[in-house]
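Chemist:
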Amino acid sequence: MLDPSKIRKTLDDTAAQLTKRGFKLDVAQVQDLEARRKQAQVAAQELQQERNKRSKSIGQAKGRGEDIAPLLAEVGALGEKLGEAEAELAAIQQALNDILLGIPNIPHASVPEGMDEAANEEVRRWGEPAEFDFEPRDHVDLGESLNAMGFDTAAKIAGKRFVTLHGDIARLHRALIQFMLDLHGGEHGYSETYVPYLVNPASLRGTGQLPKFAEDLFHIQEQDLYLIPTAEVPVTNIFRDRILAAEDLPQRYCCHTPCFRSEAGSYGKDTRGMFRQHQFEKVELVQIVHPGESYEALEALTGHAEEVLRRLELPYRVVTLCGGDLGFSAAKTYDIEVWLPGQDNYREISSCSNFEDFQARRMSARWRNPESGKPELVHTVNGSGLAVGRTLIAVMENYQKADGSIRIPEALQGYLGGQSYIGNGTG
RNA sequence: GGAGAGGUGUCCGAGUGGUUGAAGGAGCACGCCUGGAAAGCGUGUAUGGGCUAACCGCCCAUCGAGGGUUCGAAUCCCUCCCUCUCCGCCA
Numbered sequence: 064m065l066d067p068s069k070i071r072k073t074l075d076d077t078a079a080q081l082t083k084r085g086f087k088l089d090v091a092q093v094q095d096l097e098a099r100r101k102q103a104q105v106a107a108q109e110l111q112q113e114r115n116k117r118s119k120s121i122g123q124a125k126g127r128g129e130d131i132a133p134l135l136a137e138v139g140a141l142g143e144k145l146g147e148a149e150a151e152l153a154a155i156q157q158a159l160n161d162i163l164l165g166i167p168n169i170p171h172a173s174v175p176e177g178m179d180e181a182a183n184e185e186v187r188r189w190g191e192p193a194e195f196d197f198e199p200r201d202h203v204d205l206g207e208s209l210n211a212m213g214f215d216t217a218a219k220i221a222g223k224r225f226v227t228l229h230g231d232i233a234r235l236h237r238a239l240i241q242f243m244l245d246l247h248g249g250e251h252g253y254s255e256t257y258v259p260y261l262v263n264p265a266s267l268r269g270t271g272q273l274p275k276f277a278e279d280l281f282h283i284q285e286q287d288l289y290l291i292p293t294a295e296v297p298v299t300n301i302f303r304d305r306i307l308a309a310e311d312l313p314q315r316y317c318c319h320t321p322c323f324r325s326e327a328g329s330y331g332k333d334t335r336g337m338f339r340q341h342q343f344e345k346v347e348l349v350q351i352v353h354p355g356e357s358y359e360a361l362e363a364l365t366g367h368a369e370e371v372l373r374r375l376e377l378p379y380r381v382v383t384l385c386g387g388d389l390g391f392s393a394a395k396t397y398d399i400e401v402w403l404p405g406q407d408n409y410r411e412i413s414s415c416s417n418f419e420d421f422q423a424r425r426m427s428a429r430w431r432n433p434e435s436g437k438p439e440l441v442h443t444v445n446g447s448g449l450a451v452g453r454t455l456i457a458v459m460e461n462y463q464k465a466d467g468s469i470r471i472p473e474a475l476q477g478y479l480g481g482q483s484y485i486g487n488g489t490g
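Just so you know, the first sequence maps onto residues 64 to 490 in our numbering.
(1) Evaluate Met-178 with the Cβ neighbour count: other Cβ atoms within 10 Å of its Cβ, from every protein chain shown; 16 or more gives buried, anything less gives exposed.
(2) Checking 8 Å against the spacing of the C-beta atoms, do Ala-78 and Val-90 come in under that value?
(3) May I ask which residues mark the beginning and end of the beta strand (DSSP E) holding Lys-500?
(4) Three Cβ pairs or more, each shorter than 8 Å: is that satisfied between the region 386 to 393 and the region 174 to 188?
(5) What do you get for Tyr-257, buried or exposed, if any count of 16 or more other CB atoms within 10 angstroms of its CB means buried?
(6) If I measure Cβ to Cβ from Arg-71 and keep anything under 7 Å in the same chain, skipping five residues before and after, which residues do I get?
(7) With a cut-off of 8 Å on the beta carbons, I'd call Ile-283 and Leu-307 a contact; round off their distance for me.
(8) Taking the beta strand (DSSP E) that Ile-169 falls in, what are its first and last residues?
(9) Using 8 Å as the Cβ pair cut-off and three pairs as the minimum, do the region 269 to 283 and the region 402 to 415 touch?
(10) Could you give the residue range of the alpha helix (DSSP H) that holds Gln-241?
(11) Can you list, in chain order, the residues of its chain whose CB lies under 7 Å from that of Glu-151, leaving out five sequence neighbours each side?
(12) Can you tell me the Cα-Cα spacing of Leu-290 and Phe-225, whole angstroms?
(13) Less than 8 Å separating the beta-carbons of Asn-417 and Leu-348?
(14) State the DSSP-derived secondary structure class of Gln-482, mapped to helix, strand or coil.
(15) Which same chain residues, not among the five before or five after Ile-131, have their C-beta less than 8 Å away from its C-beta?
(16) For Lys-437, I'd like the list of residues in its chain whose CB is within less than 8 Å of its CB, leaving aside the five on either flank, ordered along the chain.
(17) What residue from Gly-467, Asp-398, Pro-433 has the CA that sits closest to Phe-197's CA?
(18) Would you say the region 307 to 322 touches the region 181 to 198, given that touching needs at least three Cβ pairs under 8 Å?
(19) Can you give me the start and stop residues for the beta strand (DSSP E) that Gly-446 sits inside?
(20) Under 8 Å: do the region 462 to 481 and the region 409 to 423 share three or more Cβ pairs, one atom per stretch?
(21) Pick helix, strand or coil for Gln-501, following the three-state DSSP scheme.
(22) Does the structure place the region 366 to 376 close enough to the region 445 to 457 that three or more beta carbon pairs sit under 8 Å?
(23) Between which two residues does the alpha helix (DSSP H) holding Ser-118 run?
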């Protein structure tokens, strides 16, 4: 959420900044509601003040043993008028709040102009895509020939966009999780965390998935709980309604969870394989930082995610998302894209974002600034480090051999009892 | 799941309808005292919002959440959430 008083004071400027991401703010509507809010709020508060004064004097009269009947008569229809004024104010505030909750974050000045991914800017590239002296296969072919991936089986058990993994591929999948957690926890200074996979609506409102993006989530009606679409939701909400001491910043968490997404808006997109699934594993990096340090934190966090790919020796590039491609809550996002020989393309494997105070305001996550002595909003930064399913795909496709076997990256061999190949081949 | 107890400010804790935004204590900040410190004494110390160009100031809201009763609710009633104790069940 943007700062309501700032929107009020710099409405036109705010609207102009939002056009960078293709969002049209209805300035006239906000102005109208705001004017009505002001009028209604002043009216309601004056009536409340009147009520408070009279009630107090009734109490005082009663304390002195006087007859309060005439005072009660005087109050008359005040209560009714007050009720009406409060109801009117509540309705206006509700309407205003609905609009406010639906306004996306303002893109940072360094975010490139543009409306779709074609306008994203590549900032760096690492590694060279390997040359194969045979036609490289994609992970679906590889997985099925190894009898290690079951798309049909998963469809039978659950439905489309699920997978079963077996044997060494399942072990490799698990090893990737361990490897990532050890790297971020052990070397990058993140504290490993375990969280609920079901969350309440307030948590999703805090990070920005609700109220606008309910159709992307799996919802459990009976208890009104949602399956998490990313660990970002439960981890960031650890700090909802909290005030941290200055010395508690920054907070850095790494967290492995499954993620659940309905993929409602992506029918027919990436339907082959396990690139886009309803359920996937991810190791998430989350930082709660001093507002002056969030952009340094974003650079550092992106570097931490990249380090996973460097250790696995997987070629990748980093792009800055343009305004139109930016997620709802983000002020700036770097996508990390890994090379996939099966698609002959770089594909997203991590998304690292600075949300500035957008999420913090929604969830009232604050720190006490010693300079002012007052609670002020923190900044939140997070990113995937990395999406595990996609990393598995990348390892399989980049490390495949002509006979369909897969070499295991050196960084992972220790997690697999020293094993160096998966499959029938010896290399 | 059954029975009971409870959720108050940074923390502990009083308050069961009326000058209570909230006693008292702890903590913290500043001042006095001291050679310095401790102790002692004094003062201050919630959050959100509105009016205002802004400061000062004034006002409104908030005692788990949401409704209700009342001129007036932290206090009474209802619903929900959470915590604790005992019993049952259980990975």
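Note that beta-carbon positions come from the ideal geometry of N, C-alpha and C, so glycine has one too.
Modeler: Judging by the given coordinates:
(1) Here residue 178 refers to the residue found at position 115 when the first sequence is read from its first residue. Answer is exposed; the Cβ neighbour count stays below 16.
(2) One-based indexing of the first sequence puts residue 78 at position 15. One-based indexing of the first sequence puts residue 90 at position 27. Closer than 8 Å, so yes.
(3) This structure cannot settle anything about residue 500, because the visible part of the chain is limited to 64 through 490.
(4) Yes, the region 386 to 393 touches the region 174 to 188.
(5) Working through the first sequence from its first residue, we reach residue 257 at position 194. Classification for Tyr-257: exposed.
(6) Working through the first sequence from its first residue, we reach residue 71 at position 8. Result list for Arg-71: Glu-97, in chain order.
(7) If you number the first sequence from 1, residue 283 lands on position 220. If you number the first sequence from 1, residue 307 lands on position 244. Their Cβ separation, rounded to whole angstroms, is 31 Å, which puts Ile-283 and Leu-307 out of contact at 8 Å.
(8) For this step, residue 169 is matched to residue 106 along the first sequence. Per DSSP, Ile-169 belongs to no beta strand (DSSP E) and is neither H nor E.
(9) no
(10) Taking the first residue of the first sequence as position 1, residue 241 is located at position 178. Element bounds for Gln-241: 230 to 245.
(11) Reading the first sequence from its first residue, position 88 is the one you call residue 151. Answer for Glu-151: Ala-103, listed in chain order.
(12) For this step, residue 290 is matched to residue 227 along the first sequence. For this step, residue 225 is matched to residue 162 along the first sequence. Whole-angstrom Cα-Cα distance: 15 Å.
(13) For the purposes of this step, residue 417 is taken as the residue at position 354 of the first sequence. For the purposes of this step, residue 348 is taken as the residue at position 285 of the first sequence. No, Cβ-Cβ distance for Asn-417 and Leu-348 is not below 8 Å.
(14) Start at 1 with the first residue of the first sequence, and residue 482 comes out as number 419. The answer is coil: DSSP assigns Gln-482 none of H, G, I, E or B.
(15) As a first step, residue 131 must be located in the first sequence, where it is residue number 68. If we look at Ile-131 and ignore the five residues flanking it on each side, its Cβ neighbours are Ile-121, Ala-124, Lys-125.
(16) Position 374 of the first sequence, counted from the first residue, corresponds to residue 437. So the qualifying residues of the chain are Arg-431.
(17) Along the first sequence, one-based indexing puts residue 197 at 134. Nearest of Gly-467, Asp-398, Pro-433 to Phe-197, Cα basis: Gly-467.
(18) no
(19) As a first step, residue 446 must be located in the first sequence, where it is residue number 383. From DSSP, the beta strand (DSSP E) with Gly-446 extends over 442 to 450.
(20) no
(21) Here the chain covers residues 64 to 490 and nothing more, so residue 501 does not appear.
(22) yes
(23) Indexing the first sequence from 1 puts residue 118 at position 55. Note, Ser-118: alpha helix (DSSP H), 90 to 126.
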